[in-house]
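Working notes, structure below.
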Amino acid sequence: MIESKDESKERLDFVRQIVAEDLKTNKWDGRVVTRFPPEPNGYLHIGHAKSICLNFGIAAENEGGVCHLRFDDTNPTKEEDEYVRAIEQDVRWLGWDWGEHLYYASDYFEQMYDCAVQLIKTGKAYACDLTAEQTRQYRGTLTTPGTDSPYRDRPVEESLDLFERMKAGEFADGSRTLRAKIDMSHPNLNMRDPVMYRILHAAHHRTGDKWCVYPMYDWAHGLEDSIEKITHSICTLEFENHRPLYDWFLDELHAYHPQQIEFARLNLTYTVMSKRKLLQLVQEGLVTGWDDPRMPTICGLRRRGDSPESIREFCRRIGVNKFNSTVDIALLDHCLREDLNKTSPRVMAVLRPLKVVIENYPQDQVEELDAINNPEDPGAGTRKVPFSREFYIETEDFMEEPPKKFFRLAPGREVRLRYAYFVTCTDVIKDENAQVVELRCTYDPATRGGDAPDGRKVKSTLHWVSASRSLEAEVRLYDHLFTKENPDDAPEGEDFRSNVNPNSLEVLSSCRVEPSLAGAEPGTRYQFERLGYFCVDPHSSPEKLVFNRTVTLRDTWAKIQKSQKTP
RNA sequence: UGGGGAAUAGUGUAAUGGUAGCACGACUGACUCUGGAUCAGUUAGUCGGGGUUCGAGUCCCUGUUCCCCAGCCA
2 MIESKDESKE
12 RLDFVRQIVA
22 EDLKTNKWDG
32 RVVTRFPPEP
42 NGYLHIGHAK
52 SICLNFGIAA
62 ENEGGVCHLR
72 FDDTNPTKEE
82 DEYVRAIEQD
92 VRWLGWDWGE
102 HLYYASDYFE
112 QMYDCAVQLI
122 KTGKAYACDL
132 TAEQTRQYRG
142 TLTTPGTDSP
152 YRDRPVEESL
162 DLFERMKAGE
172 FADGSRTLRA
182 KIDMSHPNLN
192 MRDPVMYRIL
202 HAAHHRTGDK
212 WCVYPMYDWA
222 HGLEDSIEKI
232 THSICTLEFE
242 NHRPLYDWFL
252 DELHAYHPQQ
262 IEFARLNLTY
272 TVMSKRKLLQ
282 LVQEGLVTGW
292 DDPRMPTICG
302 LRRRGDSPES
312 IREFCRRIGV
322 NKFNSTVDIA
332 LLDHCLREDL
342 NKTSPRVMAV
352 LRPLKVVIEN
362 YPQDQVEELD
372 AINNPEDPGA
382 GTRKVPFSRE
392 FYIETEDFME
402 EPPKKFFRLA
412 PGREVRLRYA
422 YFVTCTDVIK
432 DENAQVVELR
442 CTYDPATRGG
452 DAPDGRKVKS
462 TLHWVSASRS
472 LEAEVRLYDH
482 LFTKENPDDA
492 PEGEDFRSNV
502 NPNSLEVLSS
512 CRVEPSLAGA
522 EPGTRYQFER
532 LGYFCVDPHS
542 SPEKLVFNRT
552 VTLRDTWAKI
562 QKSQKTP
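Okay, structure coming up:
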């Protein structure tokens with residue numbers, strides 16, 4: 002379980018304030034029981050992470066607190082086992098533990114049915130023969146009251162009989178419903194005799210063909226919370242309109258009654274968060290799958306290299322509120338860099354190799370030079386990196402005609418090769434298209450390790466890899482999936498899909514990485530010095546190394562270039 | 001024109017009648033064998049209008065804007 006780090010003096014969000022107040026007044030006998038209730042019909046995304054961290058976080062922060070993982074599987078037509086496993090994996094990966102408290106709404110179907118029978122008997126529910134279309138018409142509109150169903154006042158015995166036969170599968174899908182008898186002219190449409198059960202002849206992922214009626218959300222959810230003795234039922238804002246119904250059902254049943262609290266869901270710049278849109282991206286091949294590293298899904302973020310710690314920290318920093326807001330994706334990037342900087346071993350990799358030959362370095366000599374694994378973590382130790390006469394640097398680290406603030410290699414200029422030597426560019430070799438294909442240099446043997454005994458300075462330090470002693474690798478550079486902060490900001494007649502960033506993925510197949518990366522395990526994170534944080538892709542192998550870029554390092558030079566281009 | 005919510009720097013959030021603070025971003029500068037990291041600094045805010053009060057982001061009135069609701073989805 003995650004430690005709450007000196008949260009004592011930290012301000013509590015409004016949900017935690019309610020919990021704290023309830024603890025003080027002993028409203029729930031000192032218990033704190035929350036739940037995360039996903040419907041197993043899709044993959045979790047970072048918006049869910051906010052909810053997960055809220056619910057599991059509150060449980061973790063309070064003595065004896067518990068958070069249930071509950072699958073809200075009340076709609077067999079949409080739900081699958083595959084999602085159950087994926088959701089469990091994601092929650093666990095994020096660092097949370099539900100212990101014994103794994104539940105399924107479908108385990109309560111019997112109890113729910115009994116409760117429904119009870120409501121029919123007290124005259125608070127009835128079997129209704131209206132079709133879906135008719136039900137809609139009878140409901141009225143936002144500004145006009147609805148009309149009572151002609152079946153509203155049918156005898157209790159008749160409703161009981163019909164409901165039982167609905168359950169037994171005697172009637173076709175959609176032919177009947179069980180409805181709560183509340184008020185067809187209620188200003189809140191949710192209270193206009195809401196449907197409690199619909200007929201669905203569908204196989205459920207857990208109960209199979211046992212049931213032909215399935216409970217609706219409003220009816221089921223409060224019961225689930227009640228059965229599990231939840232204290233604080235935390236959900237998103239759109240359920241605020243449903244709270245009166247949540248309360249009504251539980252009151253009518255005289256059942257244990259948790260408090261529903263609503264908070265605003267997370268929105269992030271440069272991405273979409275709705276299940277529908279995410280599904281669309283996958284189905285239309287705009288991304289490679291749910292775990293595409295450009296997706297805001299937990300599995301996508303994981304594959305891209307995000308750490309659970311950074312996601313949790315992000316969720317802590319964004320806070321919890323009751324109004325809609327859109328968090329700048331830069332905050333996620335910041336949390337990522339903050340964590341990865343402390344934890345990722347440094348390594349050298351050249352993405353776009355430019356060959357360099359040191360003319361005064363012995364032909365077949367190879368030296369093993371000491372490199373620091375992580376300057377932020379002395380305990381990470383050092384490693385040897387092979388250096389040789391021929392090596393590669395980053396193409397963009399050389400300019401034949403360097404502009405003002407370009408500190409890197411240029412003809413006649415001396416720079417440091419990290420952990421190696423000072424080298425000076427003496428010659429530029431071009432191909433028939435006048436493209437620079439190779440550089441010639443001299444090196445200063447006295448600067449071995451990277452320091453000049455005479456104390457002279459260089460303006461720049463470059464990363465490099467030995468030509469003969471480096472490995473080939475594929476590196477995938479990811480950028481925001483959308484070109485606009487708000488992807489929905491699309492021209493008339495178009496939608497978010499037209500804002501997909503065509504440059505959100507660049508695959509570089511001829512990268513060179515230092516030999517210590519041989520056999521790097523999928524999921525391992527590294528910092529490629531001066532470039533960014535990279536994570537070994539699940540499909541990487543010793544034969545073909547594949548890295549995904551998680552996030553770049555902050556890049557002052559890129560910023561200077563940008564401001565020079567667009568003054 | 002029904003009902004339910006909500007408005008604090010560019011963004012995200014604190015302040016619960018008593019100095020509007022923090023973080024991210026942006027911009028300076030210092031330092032640096034990563035143009036990284038780190039450190040120091042600058043920038044910028046209470047939706048509008050009234051009122052109560054010694055004192056209002058907070059309380060009252062009023063206006064404005066935004067979000068949610070007419071699935072047998074959750």
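Going by my numbering, the first residue of the first sequence is number 2, and it counts up by one from there. Built from N, CA and C at the ideal position, the CB exists for glycine as well.
Shortest Cα-Cα distance from Arg93 to any of Ile394, Glu439, Arg449, Ser308 involves Ser308. Thr35: member of the beta strand (DSSP E) spanning 34-37, first to last residue. The three-state reading of DSSP puts Leu45 in coil, since its state is none of H, G, I, E or B. By the C-beta criterion, the segment 290-304 is judged to be in contact with the segment 42-50, since at least 3 inter-stretch pairs fall below 8 Å.
One Cα belongs to Phe497, the other to Phe324, and the distance between them is close to 23 Å.
The segment 368-377 makes no contact with the segment 399-410; the number of CB pairs closer than 8 Å stays below 3. Bridge partners of Leu532 according to DSSP: none are assigned. The continuous beta strand (DSSP E) containing Pro216 extends over residues 214-216. In the displayed model, Thr557 falls within a helix according to three-state DSSP. Under the Cβ criterion (8 Å, minimum of three pairs), the segment 326-333 does not count as touching the segment 342-360.
If only complete runs of 3 or more residues are kept, the segment 326-402 shows the beta strand (DSSP E) at 354-359, 367-373, 383-389, 391-395, in order along the chain. Where Lys431 is concerned, the enclosing beta strand (DSSP E) starts and stops at 423-431. Excluding sequence positions up to five before and after Phe315, its CB lies within less than 6 Å of the CB of Leu333, Cys336, all in the same chain and listed in chain order. With contacts defined as CB atoms closer than 7 Å, Thr443 and Tyr422 fail to qualify as a contacting pair.
Here Glu111 is exposed, its C-beta having fewer than 16 other C-beta atoms within 10 Å. The Cβ atoms of Tyr479 and Val348 do not sit closer than 7 Å to each other. Taking 3 residues as the minimum length, the beta strand (DSSP E) runs contained wholly in the segment 84-118 are 103-105, in order along the chain.
Our two residues, Lys276 and Asn42, have alpha carbons roughly 9 Å apart in a direct line. Checking the DSSP bridge columns, you'll see Arg526 partnered with Cys536. In the displayed model, Glu64 falls within coil according to three-state DSSP, outside both helix and strand. Burial check for Glu507: the Cβ neighbour count within 10 Å stays below 16, so the residue is exposed. Under the three-pair Cβ rule at 8 Å, the segment 148-158 does not count as touching the segment 282-292. Each of Thr145, His233, Asn502 was checked against the Cα of Thr484, and the nearest Cα belongs to Asn502. Non-local C-beta neighbours of Gly175 in its own chain, meaning closer than 7 Å and more than five positions away in sequence, comprise Thr132, Ala133, Ile200, ordered along the chain. With the rule of 3 Cβ pairs closer than 8 Å, the segment 68-75 does not count as touching the segment 175-192. Secondary-structure assignment with DSSP links Ala468 through no beta bridge to anything. The beta carbon of Arg417 sits closer than 6 Å to the beta carbons of Phe423, Gly451, Val459, Thr462 from its chain, once the five residues preceding and following it are set aside; these are given in chain order.
When DSSP reads this structure, Val552 sits in a beta bridge with Tyr534. For the pair Val367 and Glu515, the CB atoms are not nearer than the 7 Å cut-off.
For Val508, no alpha helix (DSSP H) segment is defined; the enclosing uninterrupted segment is the beta strand (DSSP E) at 506-514.
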